[in-house]
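For reference, the structure is listed below as structure tokens.
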Amino acid sequence: MQAAKVSAKLTRRGLSWRHGYNPTMRISSRFLSSSSASHVGVSSTNGLGIQGEVDNCCQQDGGDAVLSRENKRRLSQYLRHIPQFVKIVEVGPRDGLQNEKHIVPTAVKVELIKMLVSSGLRVVEATSFVSPKWVPQLADANDVMEGIRNVEGARFPVLTPNIKGFEAAVAAGAKEVAIFASASESFSKSNINCSIEESLRRYHEVAVAARKHSLPVRGNGAPIKCSIRAKELYSMGCSEISLGDTIGVGTPGTVIPMLESVVDVVPIENLAVHFHDTYGQALSNILLSLQMGIGTVDCSVSGLGGCPYAKGASGNVATEDVVYMLNGIGVKTNVDLEKLVLAGDFISKHLGRPSASKVAIALQKVASKPNKCTATASKL
3 MQAAKVSAKL TRRGLSWRHG YNPTMRISSR FLSSSSASHV GVSSTNGLGI
53 QGEVDNCCQQ DGGDAVLSRE NKRRLSQYLR HIPQFVKIVE VGPRDGLQNE
103 KHIVPTAVKV ELIKMLVSSG LRVVEATSFV SPKWVPQLAD ANDVMEGIRN
153 VEGARFPVLT PNIKGFEAAV AAGAKEVAIF ASASESFSKS NINCSIEESL
203 RRYHEVAVAA RKHSLPVRGN GAPIKCSIRA KELYSMGCSE ISLGDTIGVG
253 TPGTVIPMLE SVVDVVPIEN LAVHFHDTYG QALSNILLSL QMGIGTVDCS
303 VSGLGGCPYA KGASGNVATE DVVYMLNGIG VKTNVDLEKL VLAGDFISKH
353 LGRPSASKVA IALQKVASKP NKCTATASKL
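If you count by the working numbering, then the sequence shown holds residues 3 to 382, one letter each, in order.
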């Protein structure tokens, strides 16, 4: 298949394949094995699974794909400012599910978080301590926190829009909190039911309380007046500030001036980016952000999400797509793509709709249409 050929050309030996993802897309047979099927609801029609299908139709000579020395040199030349490791902040369980119309059972949310951590993700936004009246999907925040209490190996920041939410989060065992600074009065009113000035006062209270409890605070800011909001959040004591394009209209042409303005007031090592993919620009925006020195990226498994108060905004960029892209340019994330796809399949099947991740969709097609894959590969 052409996708496998492209993957082979864009990957190199020395990536973190310890978790089982192979650059030639030889994904373990357990992806569609009977044992996996019983766990995530995936069925296999021929027993081969993705491993067998890809091996049959897209076998690469010589095993692992290896970039030529010339291609390695070119990658180093054109992507020389990109960090060797990128931290992925998974926001699916909170930002991704918050506006789902049908209530997702707590047990499903807890299982999703466990699967995400199992894939190697070390920061997973677990939930939000907000009024059930405004976000009924997250009314089970206490139960979710209880369900992941003994999950080790990851941090679970939770959104706390005010001191009441902060106190509830601390009581539930939260070790890290997050706040969100709106860019416009209308969005602030819709999102957290108060003015920008009032929201900043509330967030300052949260930041002060967090310091007393020695809890890190993560700030989230919108791109409009981004440098102003970022500076305010940083001054409050936010250890990391995520710059979010929650309506997905940004392009590389708008990302450049936005980041240039923010790094004048906040150290770049304290910044992250958060792009929605409404206009299909998220991956290009992320790549450019990395070239400018950003080392942390927010994304959502299966592309879940879409701001409930931003009309027409589609979901966050899919975590699977981001990890695949980073693997392809030799950037480590320590995330197992295979296990990540399983997590996305698990929640997508529960929600009753296909994944929004192009990588996940492509891998499913590889498994289901081996003959077409063979025909395509033979023409390359």
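Every residue, glycine too, gets a C-beta built ideally from N, C-alpha and C. This structure is a prediction, so every number in the text was calculated from the model and none was measured.
{"Query": "Give the range of the beta strand (DSSP E) segment to which I165 is assigned.", "Result": "Not the beta strand (DSSP E): I165 falls in the alpha helix (DSSP H), residues I165 to A173."}
{"Query": "Closer than 6 Å by C-beta to P159: which residues in its own chain qualify, once you throw out the five before and the five after it? Chain order, please.", "Result": "E127, E178, A180 and R220"}
{"Query": "Determine the DSSP secondary structure at G223, reduced to helix, strand or coil.", "Result": "strand"}
{"Query": "Going by DSSP, which residues form a beta bridge with E242?", "Result": "R220"}
{"Query": "What is the rounded straight-line gap between the Cα of G175 and the Cα of E169?", "Result": "10 Å"}
{"Query": "How would you label P163, buried or exposed, when you count the other beta carbons within 10 angstroms and need 16 or more for buried?", "Result": "buried"}
{"Query": "V153 to R124, Cα distance in whole Å?", "Result": "11 Å"}
{"Query": "Which runs of the alpha helix (DSSP H) spanning at least 4 residues fall entirely within the stretch 278-353, listed in chain order?", "Result": "284-293, 321-330 and 339-353"}
{"Query": "In or out: I243 buried (at least 16 other Cβ within 10 Å) or exposed?", "Result": "buried"}
{"Query": "So what's R2 in DSSP terms, helix, strand or just coil?", "Result": "Outside the displayed range of the chain (3 to 382) lies residue 2, so it cannot be described from this structure."}
{"Query": "Decide if the stretch 135-152 is in contact with the stretch 357-374; the criterion is three or more beta carbon pairs, one per stretch, under 8 Å apart.", "Result": "no"}
{"Query": "Return the residue from the list K103, N287 and D323 that minimises the CA-CA distance to T256.", "Result": "N287"}
{"Query": "Quick one: what's got a C-beta closer than 7 Å to S291's C-beta in the same chain, skipping five residues either side?", "Result": "V257, L261 and V275"}
{"Query": "For A320, which option in S302, L99 and K334 has the closest C-alpha, if you only look at C-alpha atoms?", "Result": "S302"}
{"Query": "Which same chain residues end up closer than 7 Å to D97 when comparing Cβ atoms and leaving out the 5 residues on each side of it in sequence?", "Result": "E127, S302, G307 and N318"}
{"Query": "Along the chain, where does the beta strand (DSSP E) that runs through I181 open and close?", "Result": "V179 to A183"}
{"Query": "Any contact of the stretch 324-334 with the stretch 101-115, i.e. 3+ C-beta pairs under 8 Å?", "Result": "no"}
{"Query": "What's the gap between the Cα of T248 and the Cα of L273?", "Result": "16 Å"}
{"Query": "Alpha carbon to alpha carbon, how far is R231 from P259? Give it in angstroms, no decimals.", "Result": "15 Å"}
{"Query": "Pick helix, strand or coil for K103, following the three-state DSSP scheme.", "Result": "coil"}
{"Query": "Exposed or buried, which one is H83 when buried takes at least 16 other CB atoms within 10 Å?", "Result": "exposed"}
{"Query": "Near L342, which residues of its chain fall below 7 Å by C-beta distance, leaving aside the five closest residues on each side in sequence?", "Result": "S121, V303, T321, E322 and V325"}
{"Query": "So, is P95 buried or exposed, given that buried needs 16 or more other C-beta atoms within 10 angstroms?", "Result": "buried"}
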